[in-house]
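Number 145 in this note's numbering belongs to position 145 of the sequence shown; there are no gaps in the numbering.
Ideal placement from N, C-alpha and C gives every residue a C-beta, glycine not left out.
All of these numbers come straight from a predicted model, not from anything done at the bench.
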Amino acid sequence: MSDNGCGFPAPGLHSFLFKPMFTVGGFEFNKVMLLALLTTLVVITFFYAAFGKAKVVPGKLQMAAEAGYDFVRRGIVYETMGKKEGEKYVPFMVSLFFFIWIMNIWSVIPLTQFPVSSIIAYPAVLAAIVYLIWVPLTFKRHGFVGGWKNVTGYDSSLGPIKWLVSFIEFFSNLLVRPFTHAVRLFANMFAGHLMLVMFTVASWYLLNSWLIPAAGVSFVMTIGMVLFELFVQAVQAYVFVLLACSYIQGALAEHH
1 MSDNGCGFPA PGLHSFLFKP MFTVGGFEFN KVMLLALLTT LVVITFFYAA
51 FGKAKVVPGK LQMAAEAGYD FVRRGIVYET MGKKEGEKYV PFMVSLFFFI
101 WIMNIWSVIP LTQFPVSSII AYPAVLAAIV YLIWVPLTFK RHGFVGGWKN
151 VTGYDSSLGP IKWLVSFIEF FSNLLVRPFT HAVRLFANMF AGHLMLVMFT
201 VASWYLLNSW LIPAAGVSFV MTIGMVLFEL FVQAVQAYVF VLLACSYIQG
251 ALAEHH
């Protein structure tokens with residue numbers, strides 16, 4: 001029985017908590033960690049199977065992998081950073097895109113039904129990796145003084161307000177940017193999973209009551225949410241990688 005007395009098991013934060021599957025030396029391994037590990041294995045296995053013995057005339061698997069690789073390379077990296085600067089970052093961005101995408105897709109897979117990205121720690125670590133690439137790269141490319149000018153957007157032509165602008169840019173780029181980079185992915189996956197759980201549980205709850213027609217409506221909404229989530233999952237992977245590319249491009253540019 002739920003707290004509201006109607007018997008409806010409303011989803012909440014408990015839907016994102018999992019008991020440890022096992023514990024080793026005080027380290028708890030749960031379902032989310034297992035899905036993250038499976039995500040890594042899926043991505044590695046897919047590309048190894050596709051390119052391990054690449055053929056001049058590709059098979060279906062190789063064609064699919066090449067299409068995905070080329071989409072990230074040309075559609076995101078080249079468009080954002082250019083071919084010359086972006087080529088060296090293509091493998092990282094492709095790995096990042098597919099890793100995030102598969103982490104998200106688990107939410108609509110039977111039995112797993114949970115997006116790894118809805119746990120803030122995972123987007124936070126990925127955002128931190130991107131942060132630790134573009135910040136040192138900024139100073140490596142422009143030197144200490146030039147790096148700070150790049151980060152703060154310092155422009156002497158702005159006159160008295162240059163220090164205010166520099167402070168705002170510094171705060172935005174070095175503090176707010178990594179936070180929003182992680183939270184954007186986390187929040188969308190968190191909200192999407194919560195909605196899926198709500199409509200799924202509501203369908204089952206209504207089906208076991210006298211409101212069977214309402215259960216049908218809820219079930220249709222569930223199917224609609226699943227289809228919408230499939231779209232959002234891909235979009236969020238795309239947006240995360242697009243932002244990562246734009247940050248690195250900004251580190252390489254004279255001004256951003």
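For Phe18, the three-state DSSP class (helix, strand or coil): Here residue 18 refers to the residue found at position 18 of the sequence shown. DSSP places Phe18 in coil when its eight states are reduced to three.
Unbroken beta strand (DSSP E) run spanning Glu28, endpoints: Here residue 28 refers to the residue found at position 28 of the sequence shown. Per DSSP, Glu28 belongs to the beta strand (DSSP E) from Phe27 to Phe29.
C-alpha gap between His256 and Asn150, whole angstroms: In the sequence shown, counting from the first residue as 1, residue 256 sits at position 256. In the sequence shown, counting from the first residue as 1, residue 150 sits at position 150. Note that His256 scores a pLDDT of 43, beneath 50, so its modelled location is shaky; the value from the coordinates is reported in the next line. Answer to the nearest angstrom: the Cα atoms are 7 Å apart.
Residue environment, Ala36, which counts as buried when at least 16 other CB atoms sit within 10 Å: Reading the sequence shown from its first residue, position 36 is the one you call residue 36. If you draw a 10 Å sphere on the C-beta of Ala36, you find 16 or more other C-beta atoms in it, and that means buried.
Three-state secondary structure assigned by DSSP to His112: Walking along the sequence shown from the start, residue 112 turns up at place 112. Residue 112 is actually Thr in this sequence, not His. Per DSSP, reduced to three states, the secondary structure at Thr112 is coil, with no helix or strand assignment.
Straight-line gap, Gly75 to Leu252 (C-alpha atoms, nearest Å): One-based indexing of the sequence shown puts residue 75 at position 75. One-based indexing of the sequence shown puts residue 252 at position 252. Roughly 19 Å separates the two Cα atoms.
Rounded distance between the beta-carbons of Glu229 and Leu185, thought under 8 Å: Position 185 of the sequence shown, counting from 1, holds the residue named residue 185. Position 229 of the sequence shown, counting from 1, holds the residue named residue 229. Rounded, the Cβ-Cβ distance is 14 Å, inconsistent with contact.
DSSP beta-bridge partners of Thr23: What you label residue 23 is simply residue 23 of the sequence shown in a count that begins at 1. In DSSP, Thr23 forms a bridge with Glu28.
Segment limits, alpha helix (DSSP H) that includes Lys140: Locating residue 140 in the sequence shown gives position 140, counting from the first residue. In this chain, the alpha helix (DSSP H) harbouring Lys140 covers Ala121 to Thr152.
Contacting residues, own chain, Cβ-Cβ under 7 Å from Ala49 (five flanking each side not counted): Numbered from its first residue, the sequence shown carries residue 49 at position 49. Setting aside the 5 residues that flank it on each side, Ala49 is surrounded in the same chain by Leu61, each with a C-beta closer than 7 Å to its C-beta; the list follows chain order.
Backbone secondary structure at Asp155 - three-state DSSP: Working through the sequence shown from its first residue, we reach residue 155 at position 155. DSSP places Asp155 in coil when its eight states are reduced to three.
Check whether Ser246 and Gly192 have beta carbons under 8 Å apart: To locate residue 246, count along the sequence shown from 1; it is residue 246. To locate residue 192, count along the sequence shown from 1; it is residue 192. Between Ser246 and Gly192, the C-beta gap is not smaller than 8 Å, which leaves the two residues out of contact.
As assigned by DSSP and simplified to three states, the class of Gly82: Sequence index remark: in the sequence shown, residue 82 carries index 82 (1-based). The three-state secondary structure of Gly82, taken from DSSP, is coil.
Residue of Met81, Phe51, Thr80 and Gly82 minimising C-alpha distance to Ala67: Along the sequence shown, read from residue 1 onward, the residue named residue 67 stands at position 67. When C-alpha distances from Ala67 are compared across Met81, Phe51, Thr80 and Gly82, the shortest belongs to Phe51.
Own chain residues within Cβ distance below 7 Å of Asp3, not counting five before or after: Locating residue 3 in the sequence shown gives position 3, where the first residue counts as 1. Caution is warranted here: a pLDDT of 49 is assigned to Asp3, below 50, making its placement in the model unreliable, and no coordinate value can be reported.
Range of the contiguous alpha helix (DSSP H) that encloses Gly68: As a first step, residue 68 must be located in the sequence shown, where it is residue number 68. Judged by DSSP secondary structure, Gly68 falls within the alpha helix (DSSP H) whose first and last residues are Lys60 to Val72.
Exposure of Ile44, with buried meaning 16 or more beta-carbon neighbours within 10 Å: If you number the sequence shown from 1, residue 44 lands on position 44. Exposed is the label assigned to Ile44, since fewer than 16 other Cβ atoms lie within 10 Å of its Cβ.
Beta-carbon proximity of Gln113 to Asn188, cut-off 8 Å: On the sequence shown, position 113 is the one that residue 113 refers to. On the sequence shown, position 188 is the one that residue 188 refers to. Contact flag unset, no.
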